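Top line first, the protein sequences correspond to chains A and B. Under the working numbering, the letters of the first sequence match residues 139 to 440, in that order. Under the working numbering, the letters of the second sequence match residues 56 to 430, in that order. Ideal placement from N, C-alpha and C gives every residue a C-beta, glycine not left out. Owing to the predicted nature of the structure, the values given are computational and were not obtained by experimental measurement. Report on one structure; see the data block that follows.
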Amino acid sequence: MSESVISVQNLTRRFGDFVAVDHVSFEVEQGEIVGYLGPNGSGKTTTIRMLLGLLEPSEGKATVLGYDAFRQSEDVRARAGYMSQKFALYDDLTTLENLTFYGGVYGITDKNRIKQTLELVGLTGHESTLTRSLSAGWRQRLALGIALVHQPKLLFLDEPTSGVDPTARRAFWDLIYQLAESGVTILVTTHYMDEAEYCERVGIMRDGKLLAMDTPTNLKQKVIPGDVWEVFAEPLQDGLNALHEIDGVLRVGLAGDHLRTITQRGMKKTALQTGLDSKGVHVANIAAGEPTLEDVFLSLAR
Amino acid sequence: MNSRLFSLIRKEFIQIWRDPRTLALILVMPIVQLFLLGYAATTDVKNISLAVWDQSQTPQSRAFLDAFRSANYFRIAYSVGSQAEYRMLIETGKARAALIIPPDYANRLQEGNAQVSMVLDGSDATVGGTALSTARLIGQSYATKVLTEQLALTGRSATITPPVEVRTQVWYNPDLISAYFNIPGVIGMILSFITALLTATAVVRERERGTIEQLIVTPIRSWELIVGKILPYVMLAFVDVLEVLIIGHWWFKVPVRGDLGLILLLSGLFVLSSLGIGLFASTVANTQQEAMLTVMFTMLPSIFLSGFFFPLDAMPKFLQIVSYAVPLRYYLVIIRALLLKGVGVDALQNEIIALTIFAVVIMGAAALRFRKRLD
Numbered sequence: 139m140s141e142s143v144i145s146v147q148n149l150t151r152r153f154g155d156f157v158a159v160d161h162v163s164f165e166v167e168q169g170e171i172v173g174y175l176g177p178n179g180s181g182k183t184t185t186i187r188m189l190l191g192l193l194e195p196s197e198g199k200a201t202v203l204g205y206d207a208f209r210q211s212e213d214v215r216a217r218a219g220y221m222s223q224k225f226a227l228y229d230d231l232t233t234l235e236n237l238t239f240y241g242g243v244y245g246i247t248d249k250n251r252i253k254q255t256l257e258l259v260g261l262t263g264h265e266s267t268l269t270r271s272l273s274a275g276w277r278q279r280l281a282l283g284i285a286l287v288h289q290p291k292l293l294f295l296d297e298p299t300s301g302v303d304p305t306a307r308r309a310f311w312d313l314i315y316q317l318a319e320s321g322v323t324i325l326v327t328t329h330y331m332d333e334a335e336y337c338e339r340v341g342i343m344r345d346g347k348l349l350a351m352d353t354p355t356n357l358k359q360k361v362i363p364g365d366v367w368e369v370f371a372e373p374l375q376d377g378l379n380a381l382h383e384i385d386g387v388l389r390v391g392l393a394g395d396h397l398r399t400i401t402q403r404g405m406k407k408t409a410l411q412t413g414l415d416s417k418g419v420h421v422a423n424i425a426a427g428e429p430t431l432e433d434v435f436l437s438l439a440r
Numbered sequence: 056m057n058s059r060l061f062s063l064i065r066k067e068f069i070q071i072w073r074d075p076r077t078l079a080l081i082l083v084m085p086i087v088q089l090f091l092l093g094y095a096a097t098t099d100v101k102n103i104s105l106a107v108w109d110q111s112q113t114p115q116s117r118a119f120l121d122a123f124r125s126a127n128y129f130r131i132a133y134s135v136g137s138q139a140e141y142r143m144l145i146e147t148g149k150a151r152a153a154l155i156i157p158p159d160y161a162n163r164l165q166e167g168n169a170q171v172s173m174v175l176d177g178s179d180a181t182v183g184g185t186a187l188s189t190a191r192l193i194g195q196s197y198a199t200k201v202l203t204e205q206l207a208l209t210g211r212s213a214t215i216t217p218p219v220e221v222r223t224q225v226w227y228n229p230d231l232i233s234a235y236f237n238i239p240g241v242i243g244m245i246l247s248f249i250t251a252l253l254t255a256t257a258v259v260r261e262r263e264r265g266t267i268e269q270l271i272v273t274p275i276r277s278w279e280l281i282v283g284k285i286l287p288y289v290m291l292a293f294v295d296v297l298e299v300l301i302i303g304h305w306w307f308k309v310p311v312r313g314d315l316g317l318i319l320l321l322s323g324l325f326v327l328s329s330l331g332i333g334l335f336a337s338t339v340a341n342t343q344q345e346a347m348l349t350v351m352f353t354m355l356p357s358i359f360l361s362g363f364f365f366p367l368d369a370m371p372k373f374l375q376i377v378s379y380a381v382p383l384r385y386y387l388v389i390i391r392a393l394l395l396k397g398v399g400v401d402a403l404q405n406e407i408i409a410l411t412i413f414a415v416v417i418m419g420a421a422a423l424r425f426r427k428r429l430d
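Here it is in structure tokens:
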């Protein structure tokens, strides 16, 4: 076997008749930031729970940090950090008390280690603030601090940015990069498409299946079946209907104040223009669009 | 102590400290219950309010009334002149009983066949029952006295004694004070209530907030999690035991005749079984409310089937059998015996064995359900 930090083969979990995770296989190498993208209920959290030995796989095998994820889960847990989407903090404890408690649970009694962790997540100066009066962004940092207090080699982040404002999200990602640079491997789930772009590799989950896993650039090149165009038409609904009827148009969708469409590769802008004109739709502008992970997701979800 | 367990216990104490209302409840509730049960829940019947219709109005009838007055059980509260009057007093609850002395009382007393009648309000069975038996006793002893006096007047032997006399001797609580019986009961109730309820909610709170998930992914072991969660509440429960013992002893003068070390040791055994119930409830419930209701659900029957208020001997066979599954039942026997009788371990063997079995079974069942997994 290779020295992958995470190695998953045909991992499956059923809850009764429902298949939450369906024969998923992937590898994660040391120092990588791997994103796990998918809507709620697509099996992201269930996968992480199996990797931490919280749930028994119905089928398949997972090795984490060289240990069997289920049978040697105690070894995995001692070396991995986990930040759940609930930000599992004690509201009635202060920042420092929360961190000291989790530190103690990992056998860390050295006050300097706790201080370093506080500093790392930028909470110095907030030691004696009660957790319940922290903003969502600060809570997120504290939750990350708790996952990091024992200096794990591997970090699982389950929807770490849900409910956090964009500035705090950006700052959070800066921290993640910093950690990855120091050699920590990170597996992060998200349902924010833009956030997935920050990852070195992204896995796309849907209905328990891992549809693809690659770098964002490769995904866009390989998965999107054609060219992306942004069409500014008036009225939008007529434009949408008209685009559907043009030969060579593969997908059309609303995107705020304009339409986003994927056409067969090499299709000309003029072909779209004429097509729309002939249907009597007023077109203000047509521009080549930058492919996004959302396009990838939609293309895969077909 | 290992650092994981120590951290858990310290965290739990900080949380208890941060919630002063719960802390106050834990420390003050036993005192309130102690005073309530020590004073209000007394079954000692005294000063029953009595209405008297003395139609005779003679020295003889007044002497009879004096006999009632001198026994503390009745208080002659009303003097009435008609049946309608005492009926009204009893209906409105102002009088619990009425004593009617007929007009010819003095004459018939002379002849030796006087009759008085007594009407009792039986709607409160305890008061009615006591009133009934004491009225009979007062009547009998007065009759004996009158007979003795009459015989003395005729110059015959001055005393008469009944052919059989029951001489009673009450051990341990000669004055039959209710508080002596109730206060040990309060200790048992508090112990089971505090430990079961607080452990159940403390464990479920972790699940409700999602912190249990975070705890499970740490190297903490199941037993450390269980012990760390319950130990702080065991300590608080013992503070309560001492509190109730001290107030019970110095204020209510409840004797502590047994060995204090043994009292605490066997209380600890009982606490284990309560903790087991609490822990088990926490594995069944998903929210703190559910946990609380589950514990309450076990609390009420255990109070009624433990002999706390109602004697087990008087219950139907079926309920008596059910009561064997109630740990409080054994503890009440133990604590009452230790406080009032001052017995040693040998007198309590059966109860100790029963409690041990219960504690082992319920703790085992709870620990089995309380695994470090989520499914």
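Which of the three DSSP states is assigned to residue i in this structure?
i, result
"L192(B)", "helix"
"A207(A)", "coil"
"L429(B)", "Per-residue confidence for L429(B) stands at a pLDDT of 47, beneath the threshold of 50, marking its modelled position as unreliable; no derived number is given."
"M139(A)", "Interpretation of M139(A) is limited by its pLDDT of 44, a score under 50 that renders its predicted location unreliable; the figure taken from the coordinates is listed afterwards. Here M139(A) sits in coil by DSSP."
"H382(A)", "helix"
"S196(A)", "coil"
"R312(B)", "coil"
"G364(A)", "strand"
"F335(B)", "helix"
"W311(A)", "helix"
"N102(B)", "coil"
"I267(B)", "helix"
"T184(A)", "helix"
"V387(A)", "strand"
"Q147(A)", "strand"
"I131(B)", "strand"
"K224(A)", "coil"
"T305(A)", "helix"
Within this structure, are the beta carbons of residue i and residue j separated by less than 7 Å?
i, j, result
"L112(A)", "V159(A)", "For chain A, the structure presents residues 139 to 440; residue 112(A) sits outside this window and is missing."
"G169(A)", "G321(A)", "yes"
"A161(B)", "S111(B)", "yes"
"T323(A)", "V143(A)", "yes"
"Y220(A)", "T327(A)", "no"
"I400(A)", "G377(A)", "no"
"W367(A)", "Y336(A)", "no"
"L63(B)", "G283(B)", "yes"
"V135(B)", "Y141(B)", "yes"
How far does the alpha helix (DSSP H) with residue i in it extend, from its first residue to its last?
i, result
"L280(B)", "S277 to W305"
"A409(B)", "Q404 to R424"
"F365(B)", "Per DSSP, F365(B) belongs to no alpha helix (DSSP H) and is neither H nor E."
Excluding the 5 residues preceding and the 5 following residue i in the sequence, name in chain order all residues of the same chain whose CB lies nearer than 8 Å to its CB.
i, result
"T353(B)", "A251, I332 and A336"
"F365(B)", "F359"
"M139(A)", "The predicted model places M139(A) with a pLDDT of 44, which falls under 50 and marks its position as unreliable, so this point remains unresolved."
"L429(B)", "Low confidence applies to L429(B): its pLDDT is 47, below 50, so where it sits in the model is not reliable enough to give any reading."
"I145(B)", "A106, R151, A152, A153, V174 and D176"
Kindly list, in the order they appear in chain B, the residues whose Cβ is closer than 7 Å to that of residue i.
i, result
"R215(A)", "V272, T273 and P274"
"G377(A)", "Ordered by position in chain B, no residue passes the 7 Å Cβ test against G377(A), which lies about 46 Å from the chain."
Closer than 6 Å by C-beta to residue i: which residues in its own chain qualify, once you throw out the five before and the five after it? Chain order, please.
i, result
"R152(A)", "S196"
"A292(B)", "L246, I249, T250 and V326"
"S58(B)", "none"
"K427(B)", "Legend: pLDDT at K427(B) = 49, less than 50; position of this residue unreliable, value from coordinates given subsequently. So the list reads I271 and S277, once near-sequence residues are dropped."
If I measure Cβ to Cβ from residue i and keep anything under 7 Å in the same chain, skipping five residues before and after, which residues do I get?
i, result
"A122(B)", "I193 and Y197"
"Y386(B)", "G243, F325 and L410"
"G183(B)", "L175, D176 and G177"
"N178(A)", "H329"
For a contact meaning CB atoms closer than 9 Å, what does residue i contact in chain B?
i, result
"K224(A)", "R264, G265, T266, E268 and Q269"
Which chain A residues sit within Cβ distance under 9 Å of residue i?
i, result
"S188(B)", "Residues of chain A passing the Cβ test: none, with the nearest at roughly 57 Å."
"R59(B)", "G242, V243, Y244 and G245"
Using a cut-off of 8 Å between C-beta atoms, extract the partners of residue i located in chain A.
i, result
"D74(B)", "D230"
"S277(B)", "Those do not exist, as S277(B) stays about 11 Å from chain A at its closest Cβ, beyond 8 Å."
Got a sec, what are the start and stop residues for the beta strand (DSSP E) residue i sits in?
i, result
"G136(B)", "Where G136(B) is concerned, there is no enclosing beta strand (DSSP E), given that its DSSP letter is neither H nor E."
"K417(A)", "K417(A) -> no beta strand (DSSP E), and no H or E assigned at all."
"L292(A)", "L292 to D296"
Give the residues of chain B in contact with residue i, contact being defined as C-beta atoms less than 8 Å apart.
i, result
"L190(A)", "V272"
Contact set between the stretch 61-72 of chain B and chain C, restricted to residues whose Cβ is under 8 Å from the partner:
Note that chain C does not occur in the displayed structure, where the protein chains are A and B.
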